[in-house]
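Participant: For reference, the structure I am asking about is given below.
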Amino acid sequence: MLYTNARIENAAETTDIRVEDGRFAAMEPKLSLLPGEEVTDLHGKLVLPPFVEPHVHLDATLTAGDPVWNMSGTLFEGIECWAKRKDKLSAADVKDRVRRAVRLYASNGVQFIRTHVDVTDPSLVALKAILEVREELRGLADIQVVAFPQEGILSFPHGKELMEEAVKLGVDAVGAIPHFEFTREYAVESLNFACQLAARNDLLMDVHCDETDDDQSRGLETLATRALELGLKDRVTASHTCAMHSYSNAYVLKLMRLLKMSEINFVSNPLVNTHLEGRADTYPKRRGVTRVKELTEAGINVAFGNDDLFDPWYPMGCGAMRDTVYLGLHVTQMMGREDILNSYRFVTTKAARVLHLGDGYGIEVGRPASFVVMDAEDYYEALSNNASVTLSVRKGKAVARTQPARREVLI
Ligand code: 17E
Ligand code: FE2
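Numbering (the working numbering), first residue to last: 46 to 456.
Okay, structure coming up:
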């Protein structure tokens with residue numbers, strides 16, 4: 046297959062792309078058609094590597110209001126609502142919702158997903174179901190699974206054993222939730238335990254870290270220190286890190302040195318944390334989004350995720366990566382022209398680094414021919430106009446297509 050006139054990652058000139066045996070076989074400004082080769086003219090439209098969702102809770106997806114709505118809008122009431130839904134989980138229920146969510150993602154050009162799955166459940170029913178259904182969904186997306194101890198490792202009965210059991214079942218990454226543990230001591234111990242579990246089993250790590258407005262929440266410094274000392278480095282991701290929004294600048298000045306040395310990644314979830322944080326404030330209300338601009342300027346890898354799709358923590362979501370980028374740029378005040386033009390990287394290449402996709406990802410000759418086409422000429426226009434992903438190609442195969450809306454003014 047030959048795709049002509051692709052505008053790859055905002056390039057000024059267009060490129061022709063040859064795909065053979067599911068891989069990028071050649072890329073040149075002009076390629077001549079081989080005998081019998083099929084051709085698709087992309088008409089100068091934007092071509093990006095596939096979107097990557099670096100943070101979502103697929104076990105809870107599509108359960109908002111079932112059995113109760115989160116009325117306060119806090120993280121903690123969300124956890125209580127979810128605990129009630131957890132009692133009703135079955136493998137069929139989890140698989141059905143995950144299938145629907147992954148199909149929504151696929152229709153929006155998302156081909157790689159990291160999901161956190163709650164393992165504070167003695168039956169581990171959701172984890173087992175997701176490990177099974179991800180095989181069935183491989184044609185649409187690669188799904189990475191994090192063992193996520195929603196109710197704590199030290200503060201939940203047999204929390205450590207459940208984490209170890211999840212590792213045996215075949216998760217890709219180890220999680221933790223230090224700010225939810227009963228005490229600061231437990232928070233530190235839970236991080237030590239999780240880091241050692243990841244190191245021993247050669248797994249990635251992704252910690253729900255300091256998802257609170259409490260400026261005394263200091264999980265991050267412990268996580269970064271262990272990542273450095275155990276040599277885990279960029280295999281570790283700190284998600285949320287909302288407390289960093291509220292840290293004093295003097296403390297952040299000290300912390301930044303450690304964060305750079307540790308080489309850990311960050312994932313910020315602006316849609317969800319602007320909604321969940323600041324709930325104990327009157328006015329002014331904090332936004333609770335971590336310091337994305339300063340981290341990025343320091344050369345630290347930060348990606349944006351959705352976190353939720355219609356669940357106890359967030360009552361919206363359509364499975365696209367656009368809204369998290371759009372809000373993320375506003376709330377972090379990263380609205381310069383170059384910031385906007387390059388912001389697709391938060392949900393493509395930077396998110397791919399979080400997932401350690403390596404050379405399984407990216408538009409380069411020899412790599413799997415996976416890419417998306419957008420109804421725009423560059424990402425500035427795509428983001429501003431909420432452009433559709435008109436085509437999603439995965440390993441050489443078209444997996445989703447959208448007809449862009451045609452709008453007419455009638456007078
Ligand atoms: N659980 C949690 O601890 N934090 C979140 N943001 C979500 C679930 C969505
Ligand atoms: Fe999360």
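Heads up, the beta-carbon is just placed ideally off N, CA and C, and yes, glycines get one too.
Roughly how many angstroms lie between the CA atoms of P360 and M208, to the nearest whole one?
Facilitator: As a working mapping, residue 360 is identified with position 315 in the sequence shown. As a working mapping, residue 208 is identified with position 163 in the sequence shown. Each residue's Cα considered, the two are about 29 Å apart.
Participant: By the 10 Å Cβ neighbour count, where 16 or more other Cβ atoms means buried, how is M379 classified, buried or exposed?
Facilitator: Against the sequence shown, residue 379 aligns to sequence position 334. That one is buried.
Participant: From the DSSP secondary-structure annotation, give me the bridge partner or partners of Y359.
Facilitator: Against the sequence shown, residue 359 aligns to sequence position 314. For Y359, which the question treats as bridged, DSSP gives the partners D356.
Participant: Residues in the same chain with beta-carbon distance under 8 Å from R130, minus the five sequence neighbours each way, listed in chain order, please.
Facilitator: Position 85 of the sequence shown, counted from the start, is the residue given in the question as residue 130. The answer, listed in chain order, is A105, T108, D111, P112 and P357.
Participant: Quick check: the Cα distance between E98 and T327, rounded to an integer number of angstroms?
Facilitator: Along the sequence shown, read from residue 1 onward, the residue named residue 98 stands at position 53. Along the sequence shown, read from residue 1 onward, the residue named residue 327 stands at position 282. Those two C-alpha atoms are separated by around 33 Å.
Participant: Where Q195 and A171 are concerned, what is the direct C-alpha to C-alpha distance, given to the nearest angstrom?
Facilitator: Position 150 of the sequence shown, counting from 1, holds the residue named residue 195. Position 126 of the sequence shown, counting from 1, holds the residue named residue 171. Straight-line Cα distance between these residues: approximately 13 Å.
Participant: Shorter than 7 Å, the distance from the beta carbon of H102 to the closest heavy atom of the ligand FE2, or not?
Facilitator: The count along the sequence shown starts at 1 and reaches residue 102 at position 57. Because some heavy atom of the ligand FE2 lies under 7 Å away, the Cβ of H102 counts as near it: yes.
Participant: Could you say if the stretch 148–164 and the stretch 422–437 meet the contact criterion of at least three C-beta pairs nearer than 8 Å?
Facilitator: Contact holds: three or more Cβ-Cβ distances are below 8 Å.
Participant: Does the Cβ of Y457 have 16 or more other Cβ atoms within 10 Å, making it buried, or fewer, making it exposed?
Facilitator: The structure shown has nothing for residue 457, since the chain only spans 46 to 456.
Participant: The ligand FE2 and H320: does the residue's C-beta get closer than 7 Å to at least one heavy atom of that ligand?
Facilitator: By one-based count along the sequence shown, residue 320 stands at place 275. Every heavy atom of the ligand FE2 is 7 Å or more from the Cβ of H320, so no.
Participant: Give the range of the alpha helix (DSSP H) segment to which H102 is assigned.
Facilitator: The residue you call residue 102 lines up with position 57 of the sequence shown. Segment: none, H102 is in no alpha helix (DSSP H) and carries neither H nor E.
Participant: Roughly how many angstroms separate the alpha carbons of A51 and L93, rounded to a whole number?
Facilitator: Locating residue 51 in the sequence shown gives position 6, counting from the first residue. Locating residue 93 in the sequence shown gives position 48, counting from the first residue. About 9 Å.
Participant: Could you please give the first and the last residue of the uninterrupted alpha helix (DSSP H) stretch that includes H375?
Facilitator: Start at 1 with the first residue of the sequence shown, and residue 375 comes out as number 330. Where H375 is concerned, the enclosing alpha helix (DSSP H) stretches over R367 to V376.
Participant: CA-CA distance, A458 and L268?
Facilitator: Residue 458 lies beyond the stretch modelled for the chain, which goes from 46 to 456, so this question has no answer here.
Participant: Near A244, what residues of its chain come up, given a Cβ to Cβ distance below 7 Å and the 5 sequence neighbours on each side ignored?
Facilitator: As a working note, residue 244 is residue 199 in the sequence shown. Correct list, in chain order: L275 and L277.
Participant: Just curious, the beta strand (DSSP E) that N318 is in, first and last residue?
Facilitator: The residue you call residue 318 lines up with position 273 of the sequence shown. Not the beta strand (DSSP E): N318 falls in the alpha helix (DSSP H), residues P315 to L321.
Participant: Quick one: is M306 buried, meaning 16 or more other Cβ sit within 10 Å of its Cβ, or exposed?
Facilitator: As a position in the sequence shown, residue 306 is number 261, starting the count at 1. Label assigned to M306: exposed.
Participant: Are the CB atoms of V162 and I175 within a distance shorter than 8 Å?
Facilitator: Residue numbering aside, residue 175 sits at position 130 when the sequence shown is read from its first letter. Residue numbering aside, residue 162 sits at position 117 when the sequence shown is read from its first letter. Against a cut-off of 8 Å, the Cβ pair of V162 and I175 comes out as a contact.
Participant: Cβ of R324 within 8 Å of Cβ of S117?
Facilitator: Within the sequence shown, numbered from 1, the residue matching residue 324 stands at position 279. Within the sequence shown, numbered from 1, the residue matching residue 117 stands at position 72. Going by C-beta atoms, R324 is nearer than 8 Å to S117.
Participant: Three Cβ pairs or more, each shorter than 8 Å: is that satisfied between the stretch 346–353 and the stretch 394–409?
Facilitator: In short, these stretches touch, since the Cβ pair count reaches three.
Participant: Would you kindly report the start and end of the unbroken alpha helix (DSSP H) that includes E73?
Facilitator: Position 28 of the sequence shown, counting from 1, holds the residue named residue 73. Not the alpha helix (DSSP H): E73 falls in the beta strand (DSSP E), residues R68 to E73.
Participant: Can D251 and A218 be called in contact, C-beta distance under 8 Å?
Facilitator: On the sequence shown, residue 251 is found 206 positions in, with the first residue counted as 1. On the sequence shown, residue 218 is found 173 positions in, with the first residue counted as 1. Contact: yes.
Participant: For a test of your reading of the model: does the CB of D352 fall under 7 Å from any non-hydrogen atom of the ligand 17E? Yes or no.
Facilitator: Along the sequence shown, read from residue 1 onward, the residue named residue 352 stands at position 307. Under cutoff, so the answer is yes.
Participant: Please go through the same chain and pick out, in chain order, the residues whose beta-carbon is closer than 8 Å to the beta-carbon of D423, but skip the five residues on each side of it.
Facilitator: Your numbering for residue 423 matches position 378 in the sequence shown. Only R52, N55, L91 and L386 meet the Cβ criterion.
Participant: So is the beta-carbon of H161 under 7 Å away from any non-hydrogen atom of the ligand FE2?
Facilitator: As a first step, residue 161 must be located in the sequence shown, where it is residue number 116. Flag set: Cβ of H161 near the ligand FE2.
Participant: Based on DSSP bridge pairs, tell me the residues matched to S437.
Facilitator: Taking the first residue of the sequence shown as 1, we reach residue 437 at position 392. Answer by DSSP bridge pairing, in chain order: V417 and A445.
Participant: Go ahead and pull the three-state DSSP assignment for Y292.
Facilitator: On the sequence shown, position 247 is the one that residue 292 refers to. Y292: coil per DSSP, three-state reduction.
Participant: CA-CA distance, F193 and W114?
Facilitator: Residue 193 sits at position 148 when you count from the first residue of the sequence shown. Residue 114 sits at position 69 when you count from the first residue of the sequence shown. F193 and W114: Cα-Cα distance of roughly 22 Å.
Participant: So, with DSSP's three-state summary, where would you put S235?
Facilitator: For this step, residue 235 is matched to residue 190 along the sequence shown. It is helical.
Participant: Measuring only the C-alpha atoms, how far is M366 from T160?
Facilitator: In the sequence shown, the residue the question calls residue 366 occupies position 321. In the sequence shown, the residue the question calls residue 160 occupies position 115. Whole-angstrom Cα-Cα distance: 15 Å.
Participant: Verify the contact flag: H88, CB atom, against every heavy atom of the ligand FE2, threshold strictly below 7 Å.
Facilitator: For the purposes of this step, residue 88 is taken as the residue at position 43 of the sequence shown. No, since every heavy atom of the ligand FE2 falls outside the 7 Å radius drawn around the Cβ of H88.
Participant: Sorted by chain position, which residues of the same chain lie with C-beta nearer than 6 Å to G123's C-beta, five sequence neighbours on each side aside?
Facilitator: Locating residue 123 in the sequence shown gives position 78, where the first residue counts as 1. The residues are N115, P357 and W358.
Participant: Quick one: Cα of G407 to Cα of A445, how far?
Facilitator: Taking the sequence shown and counting its residues from 1, the one referred to as residue 407 is at position 362. Taking the sequence shown and counting its residues from 1, the one referred to as residue 445 is at position 400. Distance between the alpha carbons of G407 and A445: 18 Å.
Participant: Sorted by chain position, which residues of the same chain lie with C-beta nearer than 7 Å to A146's C-beta, five sequence neighbours on each side aside?
Facilitator: In the sequence shown, counting from the first residue as 1, residue 146 sits at position 101. Excluding sequence neighbours, A146 sits near L103, T106, L107, L354 and G364.
Participant: Using the three-state DSSP reduction, which class does E65 fall into: helix, strand or coil?
Facilitator: Position 20 of the sequence shown, counting from 1, holds the residue named residue 65. E65 falls in the strand class under three-state DSSP.
Participant: Pull the bridge partners of H253 from the DSSP assignment, please.
Facilitator: Translated into positions along the sequence shown, residue 253 becomes position 208. Paired residues: S284.
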